Amino acid sequence: MLRSGEHPVALTHGDLNEMNILVDPASGKITGVVDWAEASFQPFGFALYALDNALGSMGPSGWEYFDNADYLRDEFWSTFSKLVGGAVRV
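Residues 1 to 90 in full-length UniProt numbering are what the sequence shown lists, from first letter to last.
The following block contains the structure:
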């Protein structure tokens with residue numbers, strides 16, 4: 001299905017996580033993205049598997065989701081769907 005041509009191809013970072021996103025501490029705005037060693041062209045949205053990395057953190061007893069993780073996930077997909085012009089999540 002991914003190679004069927006249904007999805008446009010896009011440049012994918014390959015290791016997009018909080019350590020590779022530079023943020024201005026004063027404004028909170030993203031100022032850059034580093035570590036493009038794993039970059040490649042993939043079907044659009046292919047790298048969204050890592051979304052959950054932004055919805056929690058590793059604690060003393062293992063991975064713990066933030067209390068509002070479900071809300072944040074829903075907001076992400078709602079906004080993403082509006083930006084790409086249609087329903088994208090099943």
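All C-beta atoms in this analysis are idealised placements derived from N, C-alpha and C, irrespective of residue type, glycine included.
Computed from a prediction, not measured in an experiment: that's the story for all the values here.
Relative to the C-alpha of residue i, which residue among the options is closest?
i, options, result
"Leu22", "Leu11, His13, Val34 and Asp15", "Val34"
"Leu16", "Trp36, Pro25 and Phe80", "Trp36"
"Glu18", "Leu55, Gly59, Phe44 and Ala10", "Leu55"
"Trp77", "Gly45, Glu38 and Ala39", "Gly45"
Look at the alpha carbon of residue i and the alpha carbon of residue j, and state the distance between them as a whole number of angstroms.
i, j, result
"Arg73", "Asp52", "8 Å"
"Asn68", "Leu48", "19 Å"
"Ser57", "Phe66", "8 Å"
"Trp63", "Val9", "32 Å"
"Lys82", "Thr12", "20 Å"
Quick check on DSSP: helix, strand or coil for residue i?
i, result
"Val48", "Residue identity check: residue 48 is Leu in the sequence provided, not Val. Helix, per DSSP."
"Leu22", "strand"
"Leu2", "Confidence at Leu2 is low in this model, with a pLDDT of 48, below 50, so the placement of that residue should be treated as unreliable; the coordinate-derived value is given next. Reduced to three states, the DSSP call for Leu2 is coil."
"Glu75", "helix"
"Phe80", "helix"
"Ala39", "coil"
"Leu55", "helix"
"Arg89", "Since pLDDT at Arg89 reaches only 47, below the 50 mark, its modelled position is unreliable, and no value is offered."
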